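Under this note's numbering, read the sequence shown as residues 1 to 193, first letter to last.
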Amino acid sequence: MDPRKRRSRDRLFAAALDLAAGEPISQLTVTRIAAAARVHRSTFYEHADSPERLVEEALMAELDALRRELMEDRSDAATALATVTEGVLRHILRHADIYRRELAGGGGALHAMLSRHFRGTTETLLARGRIELDLPVKDMPAATVSDAAARFLADGTVGVIGGWLRHPDPRVEDFLRVYTALLPAWWPHRSIA
Numbered sequence: 001m002d003p004r005k006r007r008s009r010d011r012l013f014a015a016a017l018d019l020a021a022g023e024p025i026s027q028l029t030v031t032r033i034a035a036a037a038r039v040h041r042s043t044f045y046e047h048a049d050s051p052e053r054l055v056e057e058a059l060m061a062e063l064d065a066l067r068r069e070l071m072e073d074r075s076d077a078a079t080a081l082a083t084v085t086e087g088v089l090r091h092i093l094r095h096a097d098i099y100r101r102e103l104a105g106g107g108g109a110l111h112a113m114l115s116r117h118f119r120g121t122t123e124t125l126l127a128r129g130r131i132e133l134d135l136p137v138k139d140m141p142a143a144t145v146s147d148a149a150a151r152f153l154a155d156g157t158v159g160v161i162g163g164w165l166r167h168p169d170p171r172v173e174d175f176l177r178v179y180t181a182l183l184p185a186w187w188p189h190r191s192i193a
């Protein structure tokens with residue numbers, strides 16, 4: 001991406017996240033986001049087709065950076081996953097107003113976006129051999145079981161995040177204590193005391 005286009009994208013991301021922190025994403029308009037970013041409406045459409053999509057892309061840019069760090073981390077899988085999980089939680093706390101409101105109903109675009117992200121991370125870790133799931137299920141192909149496991153973890157994680165954000169002062173340590181207690185034995189993780 002050329003520098004000028006990157007600057008426009010970064011301004012649009014910042015404006016979208018700032019506006020989404022104060023009101024539901026469904027109420028944002030292209031005109032308001034473009035004005036807040038000091039770009040023309042046509043520039044907005046070079047980066048996204050809707051305010052909802054722009055907010056998702058802005059959040060995904062941060063989550064994708066955390067995923068890249070995870071893939072570069074050469075620690076054992078449990079340590080690397082603990083590190084990236086803390087990073088994701090801090091990302092969510094930075095944007096708590098957005099996530100709290102958008103995850104409140106248990107569904108919606110951000111629930112789906114987070115689930116896709118977590119599932120994609122699990123699939124990437126499996127494909128690169130960073131983790132192995134020893135989950136034999138009679139008469140079921142290993143790929144089917146791995147897909148089910150990735151979806152189970154992804155949607156379960158988003159559900160725990162939604163519950164955690166309902167607390168008035170969500171703390172990373174509190175989330176991790178509950179989350180590690182809920183993680184299945186077949187998933188690499190460290191115990192949190």
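Cβ coordinates follow ideal geometry from the N, Cα and C atoms, glycine included. Given the structure is predicted, the values throughout are model-derived calculations rather than measurements.
Asked                                                                                                              : Found
Limits of the alpha helix (DSSP H) - the one that Met-113 falls within                                             : 108 to 127
Outcome for Ala-14 when other beta-carbon atoms lying within 10 angstroms are tallied against a minimum of 16      : exposed
Close-in-space but distant-in-sequence residues of the same chain around Ala-20 (CB under 6 Å, 5 per side omitted) : Val-55 and Ile-98
Three-way DSSP call (helix, strand, coil) for Gly-105 in this model                                                : coil
Arg-41 - containing alpha helix (DSSP H), residue span                                                             : 41 to 47
Proximity winner among Leu-176, Ala-127 and Gly-120, relative to Glu-87 (alpha-carbon distances)                   : The amino acid at residue 87 is misidentified as Glu; the sequence shows Gly. With distances taken between Cα atoms, Gly-87 lies closest to Leu-176.
Outcome for Pro-3 when other beta-carbon atoms lying within 10 angstroms are tallied against a minimum of 16       : exposed
Met-140 versus Ile-131 - alpha carbon distance                                                                     : 20 Å
Exposure of Trp-164, with buried meaning 16 or more beta-carbon neighbours within 10 Å                             : buried
Beta-carbon proximity check, Thr-121 vs Arg-67, cutoff 7 Å                                                         : yes
Three-way DSSP call (helix, strand, coil) for Trp-187 in this model                                                : coil
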